[in-house]
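**Student:** Count along the sequence shown from 1, add 1320, and you get the number used in our numbering.
Quick reminder that beta carbons are idealized off the backbone N, C-alpha and C, glycines included.
On a predicted model such as this, the values are computed, not experimentally measured, just so you know.
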Amino acid sequence: MRWRLSPGTAIDGFELQEHLGTGGMAQLWAVAREGDPTPLVMKIPLLIDSDDPLPIVCFETEQMIMPHLSGAHVPRFVATGPLEPMPYIVMERIPGESLKKHLDAVPLPWPDVVAIGAKVAHALHDLHRQHVIHLDVKPSNVMIRASGEPVLIDYGFARHERLPDLLAEEFREPFGTTPYMAPEQVLQDRADPRSDLFALGVMLYFFVTGERPFGNPRGGQIRRRLWRVPVPPRALRPDCPPWLQEIILRCLEVDPQDRYATAALLALDLENPDRVKLTERAERLERDGGMKTFRRWLKARKAQPLETPNIAGQLSRAPIVLAAIDLSPGSEDLADSLRLMIGRILSIEGEARIACVNVLKTSRIAVDILEDEEGRSLHVQRLVQLRHWGASLDIPSERISYSVLEAPDPAGALVDYARRNNVDHIVIGARASSALRRYLGSVSSQVVAEAPCSVTVVRTAKDRRTDSEPQASA
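(1) Excluding five sequence neighbours on each side, which residues of the same chain lie with their C-beta closer than 7 Å to the C-beta of A1504?
(2) Does the distance from the C-beta atom of A1350 to that of Q1337 stay below 8 Å?
(3) To the nearest angstrom, how far is it from the Cα of L1598 to the Cα of P1395?
(4) Taking P1639 as the reference, give the member of V1743, I1364 and P1772 with the closest Cα.
(5) What would DSSP say about K1782, mapped onto helix, strand or coil?
(6) Hey, which unbroken runs of the alpha helix (DSSP H) at 4 residues or more fall wholly within the stretch 1525-1606?
(7) Let's see if you can read the secondary structure: which residues bound the alpha helix (DSSP H) around C1378?
(8) Kindly indicate the opening and closing residues of the alpha helix (DSSP H) around D1356.
(9) So what does DSSP say about L1520, is it helix, strand or coil?
(10) Need the endpoints of the alpha helix (DSSP H) that E1702 sits in, please.
(11) Opposite H1339 in the DSSP bridges: which residues?
(12) Taking the alpha helix (DSSP H) that M1661 belongs to, which residues open and close that run?
(13) If we count Cβ pairs, one from each stretch, closer than 8 Å, do we get three or more for the stretch 1583-1598 versus the stretch 1550-1559?
(14) Taking R1673 as part of the beta strand (DSSP E), name the residues at either end of that continuous run.
(15) Is the distance from the Cβ of F1518 to the Cβ of R1579 below 8 Å?
(16) Would you call the CB atoms of H1393 and V1471 closer than 8 Å?
(17) Where does G1633 fall in DSSP's three states?
(18) Below 8 Å between beta carbons: does that hold for Y1327 and I1364?
(19) By Cβ distance below 8 Å, which residues in the same chain neighbour R1538 in space, the five residues on each side in sequence not counted?
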């Protein structure tokens, strides 16, 4: 069903009042609820007419994280709707403007930049204490309350330490806004809260100098921040105090170990410039020479995606179990058998994490139409079916995730997912043998042959009996 959204439309007790805007992944509506005087906003992901799964995954990420957030520096979560019939998130509407309003006025007076930076650093520290890394800190994602307190919005790229990281599970590419992405994000490390300090350093640099430290790179240019340091702020803004340059360049260090350990320490330095320990960073007036840059380039060439650590330290590792679920018509009995097997595994491995995965097969050559006759997204429908399949497993939401992969080779996609996400055990269903399956090979047999971990193949009782019966001779 296609929803026609307009002022006056009611969705689960919320009345749409005003369309506030549409971004790359969602549209925003001012909404009201009877008996609730709080200004509210509804965020609706752009899922219709899109074969790009990224908006869906970002919406699910934000939908999963927001109920766990609290405090003055995050929007108050109100309600959420399922993928069918209408996905949405309702939260408090923050009055006022974002820091984006300053972009047309840069460079700003440096005392104003210091005040802004200290407040945002406090907000980030509050967020990190709630086990969340934002990973998309930029001016448009920082709203300012009437009290002057910043509010961090938009958690589509965020990561919660204690919840599944859907973006890392489903994609093999860095995510964020390229001018603000930390070097480790370029290497697909989404587990370091100091990535947010790098992004704040980019903001401070931009507000002080009027220039972005790494420009607005595209494609492979984004990797240059692994070896190129920015022009020192004092070279562009002579009245920038050495202590402020020290702080900014420390935030922009390539190695997270060389940045501030926490956002709280960054805020402390911004609020107490007399305690800032000056190093050679404070005295720089030009970019590093060719030899230093060349050495960093050689080091960056060897840089690989990092192992995903834990925000609060390495936790004891629980097994990750991939449940490969066939949702095609006629596979209901097989899906039930697979659910029973997963239940048995959970009874033995009490802390196991279940990744429910389905593959939406696409063509290698032709352009795929990923909608049904009524215009509904096939990707979304599969996600709804996956959630229905997993609803009876009686497992906490933070220990189960749902992913729909789009690929021409289902077996290859499952094996690749297992390898990238360090899966310990794959459970996959197999249908009864047939001449065609014996000739072409089955998905389950290919997974068994290529998987980097243990594989359990599940069959229905009926299929087991069919395969055990003797074949009639011609």
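**Tutor:** On the basis of the coordinates in this document:
(1) Numbered from 1 along the sequence shown, position 184 holds the residue referred to as residue 1504. According to the sequence displayed, residue 1504 carries Glu and not Ala. Same-chain partners within the cutoff: D1512, S1515, P1576 and L1626.
(2) As a position in the sequence shown, residue 1350 is number 30, starting the count at 1. As a position in the sequence shown, residue 1337 is number 17, starting the count at 1. Going by C-beta atoms, A1350 is nearer than 8 Å to Q1337.
(3) Looking up residue 1598 in the sequence shown gives position 278. Looking up residue 1395 in the sequence shown gives position 75. Spanning the two alpha carbons is a distance of roughly 37 Å.
(4) For the purposes of this step, residue 1639 is taken as residue 319 along the sequence shown, with counting starting at 1. Looking only at V1743, I1364 and P1772, the smallest Cα-Cα distance to P1639 is reached by V1743.
(5) Mapped onto the sequence shown, residue 1782 falls at position 462. Annotated three-state conformation of K1782 is helix, per DSSP.
(6) 1553-1556, 1562-1571, 1583-1591 and 1600-1603
(7) The sequence position of residue 1378 within the sequence shown is 58, counting from 1. From DSSP, the alpha helix (DSSP H) with C1378 extends over L1374 to I1385.
(8) Here residue 1356 refers to the residue found at position 36 when the sequence shown is read from its first residue. Where D1356 is concerned, there is no enclosing alpha helix (DSSP H), although the beta strand (DSSP E) it sits in stretches over D1356 to P1365.
(9) The residue given as residue 1520 occupies position 200 in the sequence shown. In this structure, L1520 counts as helix in the three-state DSSP scheme.
(10) Within the sequence shown, numbered from 1, the residue matching residue 1702 stands at position 382. In the sequence as presented, Glu is not what sits at residue 1702; that position holds Arg. Start and end: L1698 to G1710.
(11) Along the sequence shown, one-based indexing puts residue 1339 at 19. For H1339, DSSP records a beta bridge to W1349.
(12) Taking the sequence shown and counting its residues from 1, one reaches residue 1661 at position 341. First-last of the alpha helix (DSSP H) with M1661: E1652 to I1668.
(13) no
(14) Reading the sequence shown from its first residue, position 353 is the one you call residue 1673. For R1673, the enclosing beta strand (DSSP E) covers residues R1673 to K1681.
(15) Along the sequence shown, one-based indexing puts residue 1518 at 198. Along the sequence shown, one-based indexing puts residue 1579 at 259. The answer is yes: Cβ separation under 8 Å.
(16) Numbered from its first residue, the sequence shown carries residue 1393 at position 73. Numbered from its first residue, the sequence shown carries residue 1471 at position 151. Yes, the Cβ-Cβ distance between H1393 and V1471 is below 8 Å.
(17) Along the sequence shown, read from residue 1 onward, the residue named residue 1633 stands at position 313. Interpretation of G1633 is limited by its pLDDT of 40, a score under 50 that renders its predicted location unreliable; no figure is taken from the coordinates.
(18) Residue numbering aside, residue 1327 sits at position 7 when the sequence shown is read from its first letter. Residue numbering aside, residue 1364 sits at position 44 when the sequence shown is read from its first letter. Note that residue 1327 is Pro in the sequence shown, not Tyr. Going by C-beta atoms, P1327 is not nearer than 8 Å to I1364.
(19) Within the sequence shown, numbered from 1, the residue matching residue 1538 stands at position 218. Excluding sequence neighbours, R1538 sits near T1498.
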